[in-house]
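Asker: First residue of the sequence shown: 1, per UniProt numbering; consecutive thereafter.
From the three backbone atoms N, C-alpha and C, an ideal C-beta is built for every residue, glycine too.
Quantities reported herein were computed from a predicted structural model and do not represent experimental measurements.
Dumping the structure here so I can ask a few things about it.
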Amino acid sequence: MTVLQFFKSLHCGSFSCAFEIRNPLTKGIKQGWYDGGSVIFAVFLVIVVTAISDYQQYLQLRDLRNLNGQERNIHYEITRGGRRVMSSIFDIIVGDVIHLKVGDQVPADGVLISGYSLAIDESSITGVAKIITMGSKTPFLTSGCKVADGFGTMLVISVGVNTEWGRIMSSIPEDICEETPLQVRLNGLTTFIGLAGLTVPFIFFVAVLIWYFTGHTTNVNGTPQFERGKTSAIHALGGVIKIVTVAVAIIVVAVPEGFPLFVTLMLASLMKKLITDKAMVRRLSAIETMGSVTTICTGKTGTLTLNQMTVVEAYANGKKFDPPNDGSLLSPMFSSVLIEGIAQNTTGCVCLPKGGGDVEFSGSPTEKAILSWGVKLGLNFVAKRAESTIIHASPFNSEKKRGGVAVKTPSSEVRVHWKGAAEIVLASCTSFLDENDSVMSLDEDKLAFYRKAIKGMAEKSLRCVAIAYRSIKLDKVSSDEEQLRQWAMPDDELVLLAIVGIKDPCRPGVRGSVDLCEAAGVKICMVTGDNLQTAKAIAVECGILASDADCNEPNLIEGKSFRSKSEAERENIAEKISVMGRSSPNDKFLLVQALKRKGQVVAVTGHGTNDAPALNEGDIGLAMGIAGTEVAKESSDIIILDDNFHSVVKVIRWGRSVYANIQKFIQFQLTVNVAALIINVVVAISTGDVPLNAVQLLWVNLIIDVLGALALAKEPPTDHLMHRPPIGRREPLITNVMWWNLFIQAVYQLIVVLVLDFFGQNILPLRHDSIELANEVKYTMIFNTFVLCQIFNEFNARRPDQLNIFDGIIKNYFFIGIIALTLILQFMIVEFLGKLVKTVKLTPQLWLVCIVIGFISWPLAALGKLGPVPKTPVAWGVIMVLVGIVIAILIGQKYTDK
Numbered sequence: 001m002t003v004l005q006f007f008k009s010l011h012c013g014s015f016s017c018a019f020e021i022r023n024p025l026t027k028g029i030k031q032g033w034y035d036g037g038s039v040i041f042a043v044f045l046v047i048v049v050t051a052i053s054d055y056q057q058y059l060q061l062r063d064l065r066n067l068n069g070q071e072r073n074i075h076y077e078i079t080r081g082g083r084r085v086m087s088s089i090f091d092i093i094v095g096d097v098i099h100l101k102v103g104d105q106v107p108a109d110g111v112l113i114s115g116y117s118l119a120i121d122e123s124s125i126t127g128v129a130k131i132i133t134m135g136s137k138t139p140f141l142t143s144g145c146k147v148a149d150g151f152g153t154m155l156v157i158s159v160g161v162n163t164e165w166g167r168i169m170s171s172i173p174e175d176i177c178e179e180t181p182l183q184v185r186l187n188g189l190t191t192f193i194g195l196a197g198l199t200v201p202f203i204f205f206v207a208v209l210i211w212y213f214t215g216h217t218t219n220v221n222g223t224p225q226f227e228r229g230k231t232s233a234i235h236a237l238g239g240v241i242k243i244v245t246v247a248v249a250i251i252v253v254a255v256p257e258g259f260p261l262f263v264t265l266m267l268a269s270l271m272k273k274l275i276t277d278k279a280m281v282r283r284l285s286a287i288e289t290m291g292s293v294t295t296i297c298t299g300k301t302g303t304l305t306l307n308q309m310t311v312v313e314a315y316a317n318g319k320k321f322d323p324p325n326d327g328s329l330l331s332p333m334f335s336s337v338l339i340e341g342i343a344q345n346t347t348g349c350v351c352l353p354k355g356g357g358d359v360e361f362s363g364s365p366t367e368k369a370i371l372s373w374g375v376k377l378g379l380n381f382v383a384k385r386a387e388s389t390i391i392h393a394s395p396f397n398s399e400k401k402r403g404g405v406a407v408k409t410p411s412s413e414v415r416v417h418w419k420g421a422a423e424i425v426l427a428s429c430t431s432f433l434d435e436n437d438s439v440m441s442l443d444e445d446k447l448a449f450y451r452k453a454i455k456g457m458a459e460k461s462l463r464c465v466a467i468a469y470r471s472i473k474l475d476k477v478s479s480d481e482e483q484l485r486q487w488a489m490p491d492d493e494l495v496l497l498a499i500v501g502i503k504d505p506c507r508p509g510v511r512g513s514v515d516l517c518e519a520a521g522v523k524i525c526m527v528t529g530d531n532l533q534t535a536k537a538i539a540v541e542c543g544i545l546a547s548d549a550d551c552n553e554p555n556l557i558e559g560k561s562f563r564s565k566s567e568a569e570r571e572n573i574a575e576k577i578s579v580m581g582r583s584s585p586n587d588k589f590l591l592v593q594a595l596k597r598k599g600q601v602v603a604v605t606g607h608g609t610n611d612a613p614a615l616n617e618g619d620i621g622l623a624m625g626i627a628g629t630e631v632a633k634e635s636s637d638i639i640i641l642d643d644n645f646h647s648v649v650k651v652i653r654w655g656r657s658v659y660a661n662i663q664k665f666i667q668f669q670l671t672v673n674v675a676a677l678i679i680n681v682v683v684a685i686s687t688g689d690v691p692l693n694a695v696q697l698l699w700v701n702l703i704i705d706v707l708g709a710l711a712l713a714k715e716p717p718t719d720h721l722m723h724r725p726p727i728g729r730r731e732p733l734i735t736n737v738m739w740w741n742l743f744i745q746a747v748y749q750l751i752v753v754l755v756l757d758f759f760g761q762n763i764l765p766l767r768h769d770s771i772e773l774a775n776e777v778k779y780t781m782i783f784n785t786f787v788l789c790q791i792f793n794e795f796n797a798r799r800p801d802q803l804n805i806f807d808g809i810i811k812n813y814f815f816i817g818i819i820a821l822t823l824i825l826q827f828m829i830v831e832f833l834g835k836l837v838k839t840v841k842l843t844p845q846l847w848l849v850c851i852v853i854g855f856i857s858w859p860l861a862a863l864g865k866l867g868p869v870p871k872t873p874v875a876w877g878v879i880m881v882l883v884g885i886v887i888a889i890l891i892g893q894k895y896t897d898k
């Protein structure tokens with residue numbers, strides 16, 4: 001209820017109370033205060049309940065702020081007490097040594113200890129898009145900046161509000177109360193219905209006012225309420241005040257103010273539920289958009305797979321290395337060079353627990369797998385890294401598909417070690433080390449052998465990684481720090497050491513999630529940096545590709561092939577692509593652009609810094625919470641906390657549930673609005689009286705605006721939602737099915753109330769009662785029947801397009817509680833608050849009649865769902881309602897003439 005409506009109702013109630021006290025027919029203050037006092041009490045009750053709901057909304061928003069804090073709970077690798085551990089950003093203290101890599105956000109102010117090609121983006125602090133290369137001349141790192149390239153370590157010198165970023169952020173007020181697109185649409189619908197709700201009460205007011213001043217309205221004893229020349233001005237004004245009071249009450253019912261409350265309650269509670277489903281929402285509107293998603297562009301590693309990698313195959317010395325973990329099969333010289341490459345060319349670490357136990361590995365899953373393999377071959381990580389010194393590094397990124405380091409050995413030799421995608425590194429190799437430690441040329445036979453090995457491992461869904469090196473003389477490497485920083489390490493004429501196959505098994509249940517998406521009309525497109533054979537094997541295992549028969553272009557395509565096509569060609573094939581292998585982040589970006597131009601609603605998953613453009617370009621960006629960099633997370637709309645594809649499917653399910661619940665509430669509320677408006681206006685025009693008085697209308701308003709919102713907002717998602725197509729971008733909020741359901745229930749309630757109003761005394765056992773008592777019972781029956789129809793119709797609203805309206809109701813304790821509370825309050829109002837609400841006690845037989853009338857709305861709804869839905873139910877329904885109004889007026893006129 002708005003402030004304006006509140007004061008209107010309050011003033012009308014006060015005036016009504018004053019006039020009724022002065023009215024001799026109401027016996028003064030003893031009886032006269034009931035009419036106005038009941039309005040004041042009803043207004044007060046609605047305000048109290050609304051205030052409680054608003055307070056609940058405030059608590060929900062406060063919980064959202066707490067959830068927002070979890071989003072900022074980033075974990076970093078730090079060295080503390082000589083031990084490398086993971087630590088929350090909130091637990092970092094001065095003196096910690098933080099290990100930074102590409103995509104990290106600098107968590108504190110600090111000074112550089114060591115770094116290799118470490119480049120920092122300070123645009124978040126300075127506002128200027130400039131990359132700063134860190135070194136001895138620029139050693140200070142500022143909190144809030146992002147690592148654009150390279151890796152390194154820093155010493156923390158200030159944390160929290162004492163940092164530069166902390167001082168800036170503490171001066172900015174937080175505001176998470178954004179208005180979503182769906183809320184904007186609902187506000188527009190509310191405004192439209194509100195205008196209609198103001199027009200109809202005005203017609204009612206004019207009609208009843210005419211009836212009143214022409215003497216057609218009567219008192220309880222049958223005498224006219226107004227007689228020209230006889231009725232005093234004070235009594236006439238009192239009659240007008242009563243009419244105004246009812247008109248204002250109709251306005252209160254007509255304006256659907258429960259929409260904003262409903263959406264806020266639902267989205268706020270939904271965000272907390274999504275946390276339990278491993279999804280953190282950064283933008284409220286993203287929940288709504290997920291219900292419309294038609295395509296998901298997902299990565300492979302960690303999303304479709306477990307991201308738990310192990311080396312299961314290896315090729316070295318020109319042959320298969322079996323078993324792959326047996327270091328005794330390698331010569332000392334070969335083993336030394338290979339282990340040096342593994343130990344130095346990594347961003348990971350091997351730690352030995354002080355109290356004993358298993359060796360611990362840190363770094364990316366691929367790094368962990370190779371380090372673990374190296375340890376099994378005899379790697380002593382700390383000792384091996386101490387033998388040589390890194391003089392330059394080229395960190396791995398998604399564009400190059402490889403990374404390398406240059407190390408200075410004790411013999412004053414420089415070795416450049418490279419590691420990366422097998423076919424890319426192999427293409428840069430011209431020789432290999434055989435089992436006799438001799439450098440042998442990579443002839444066509446050996447190249448064919450290694451290519452066949454790569455293809456064979458890829459077909460087993462293994463990730464193929466090649467390790468190679470090259471020796472150069474020390475005098476060819478500059479000793480100047482600045483020149484060394486700009487030095488491009490040689491990446492040709494490499495000597496191949498080994499090619500390994502790393503197994504990353506699919507997540508359990510991922511095939512079921514993919515099948516569920518297909519049933520829901522959502523296409524899955526896997527975009528991965530792995531080669532086509534590996535991508536195909538994983539896609540078949542996950543169910544993205546049905547069989548090898550689907551493995552043809554454009555269904556299965558390589559990134560370079562896609563990017564080489566024209567924009568028009570990319571658009572033509574974009575919707576057909578199921579798997580894109582050996583792709584770069586830019587390929588994913590181009591694919592998302594092409595899909596959006598074709599009208600698709602695209603959700604994009606990503607975890608790397610280079611995925612940020614694609615995450616921003618997609619309708620929904622889904623960053624991975626475990627493997628994702630801070631840049632990716634900040635570019636996303638939703639963070640998948642467990643990196644699991646099944647959690648993405650859950651978000652889609654919840655997104656559809658939001659839209660479905662809003663439609664349920666709209667159908668429920670509009671049914672009440674339409675029925676209440678038409679009933680009061682028709683009866684008022686035809687008889688000059690109203691079947692539902694101001695207090696009763698305010699109670700109905702409380703049921704639909706607050707209790708109805710609470711009951712339907714908590715409806716959990718159902719499996720039925722995932723067996724229908726996605727919600728269109730411009731799909732109307734009120735569908736044909738909803739209009740049809742609304743029309744059936746509204747017409748039924750209109751007929752019931754009109755029949756009771758016009759013929760109630762003849763139908764009900766009231767012929768032997770006095771006219772006064774018969775009218776009181778009749779109007780009590782109308783009020784009670786109307787409310788019970790709304791309660792029964794609330795069950796229909798739960799499943800607008802399903803016959804089984806009780807599906808899942810046993811588990812929805814909140815809905816059952818709200819219904820029970822409404823029934824108890826309705827019983828108390830009718831039986832114990834009759835003087836305030838203008839009702840009388842009903843016999844058990846009459847209660848049974850009311851319940852049966854309400855119950856009939858269930859089979860009526862079922863019949864409506866079984867039959868065909870009219871293509872234009874809006875126009876047809878409007879015509880039928882207008883015809884019904886005319887008939888009702890004629891019947892009422894004939895009835896009153898009698």
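By Cβ distance, which residues of its chain are closer than 7 angstroms to residue 731, with the 5 residues on each side in sequence left out?
Answerer: none
Asker: Using a 10 Å radius around the Cβ and a threshold of 16 neighbouring Cβ atoms, would you call residue 729 buried or exposed?
Answerer: exposed
Asker: Give the secondary structure of residue 523 by DSSP, where H, G and I count as helix, E and B as strand, and everything else as coil.
Answerer: strand
Asker: Identify which residue in 493, 478 and 492 has its Cα closest to the Cα of residue 486.
Answerer: 478
Asker: Let me know the beta strand (DSSP E) ranges lying completely inside the stretch 635-700, each 3 residues or longer, listed in chain order.
Answerer: 638-640
Asker: Along the chain, where does the beta strand (DSSP E) containing residue 391 start, and where does it finish?
Answerer: Element bounds for residue 391: 389-394.
Asker: Let me know the secondary structure DSSP gives residue 122 once reduced to three states.
Answerer: coil
Asker: Does residue 536 pass the burial test, meaning 16 or more other C-beta atoms within 10 Å, or should it be called exposed?
Answerer: buried
Asker: Return the chain-ordered list of same chain residues with a C-beta closer than 7 angstroms to the C-beta of residue 583, the five sequence neighbours on each side being excluded.
Answerer: 527, 528, 529 and 559.
Asker: Would residue 153 and residue 113 be called neighbours here (beta carbons separated by less than 9 angstroms)?
Answerer: yes
Asker: Per DSSP, what kind of secondary structure is residue 770 in: helix, strand or coil?
Answerer: coil
Asker: With DSSP as the reference, identify every bridge partner of residue 310, one or two as the case may be.
Answerer: 503
Asker: Could you pull the DSSP bridge partners for residue 149 from this structure?
Answerer: 119
Asker: Identify which residue in 452, 786 and 695 has its Cα closest to the Cα of residue 834.
Answerer: 695
Asker: Pick out whichever of 247, 398 and 212 has its Cα sitting closest to the Cα of residue 231.
Answerer: 212
Asker: Roughly how many whole angstroms lie between the Cα atoms of residue 852 and residue 663?
Answerer: 27 angstroms
Asker: When you compare each of 683, 836 and 639 to residue 207 by their alpha carbons, which one comes out closest?
Answerer: 683
Asker: Closest to residue 306 by CA distance: which of 573, 379 and 504 is it?
Answerer: 504
Asker: Consult DSSP for residue 604 and reduce its assignment to one of helix, strand or coil.
Answerer: strand
Asker: With a Cβ-Cβ cutoff of 9 angstroms, do residue 159 and residue 196 count as a contact?
Answerer: no
Asker: Are the CB atoms of residue 797 and residue 671 within a distance shorter than 9 angstroms?
Answerer: yes
Asker: Mark residue 794 as exposed unless 16 or more other C-beta atoms lie within 10 angstroms of its C-beta, in which case mark it buried.
Answerer: By the 10 Å Cβ count, residue 794 comes out buried.
Asker: With burial defined as no fewer than 16 other Cβ atoms inside 10 Å of the residue's Cβ, what is the status of residue 846: buried or exposed?
Answerer: buried
Asker: Can you tell me the Cα-Cα spacing of residue 809 and residue 816, whole angstroms?
Answerer: Answer to the nearest angstrom: the Cα atoms are 8 angstroms apart.
Asker: Fully enclosed by the stretch 816-867, which alpha helix (DSSP H) runs are 4 residues long or longer?
Answerer: 834-837, 844-855 and 857-866
Asker: How far does the beta strand (DSSP E) with residue 556 in it extend, from its first residue to its last?
Answerer: For residue 556, the uninterrupted beta strand (DSSP E) run begins and ends at 556-558, by DSSP.
Asker: With distances taken between CB atoms, is the gap from residue 655 to residue 632 smaller than 9 angstroms?
Answerer: no
Asker: Give me the Cα-Cα distance between residue 277 and residue 363, rounded to the nearest whole angstrom.
Answerer: 26 angstroms
Asker: According to DSSP, is residue 112 part of a helix, a strand, or is it coil?
Answerer: Residue 112 falls in the strand class under three-state DSSP.
Asker: Spatial neighbours of residue 895 within its chain, please: CB distance less than 7 angstroms, with the 5 preceding and 5 following residues excluded, ordered by chain position.
Answerer: Annotation note: pLDDT 48 at residue 895 (below 50); position unreliable, coordinate value reported separately. Closer than 7 angstroms at the Cβ level, and outside the excluded window around residue 895, lie 758.
Asker: Let me check one thing: in DSSP terms, what residues is residue 469 bridge-paired to?
Answerer: 417 and 495
Asker: Taking residue 406 as part of the beta strand (DSSP E), name the residues at either end of that continuous run.
Answerer: 402-408
Asker: Rounding to the nearest angstrom, what Cα-Cα distance links residue 746 and residue 251 in this structure?
Answerer: 18 angstroms
Asker: Spell out the partners DSSP gives residue 212 in its beta bridges.
Answerer: BP columns for residue 212 are empty, so no partner.
Asker: Can you tell me which of the three DSSP states residue 280 falls into?
Answerer: strand
Asker: Can you look up residue 321 in the DSSP assignment and give me helix, strand or coil?
Answerer: DSSP places residue 321 in coil when its eight states are reduced to three.
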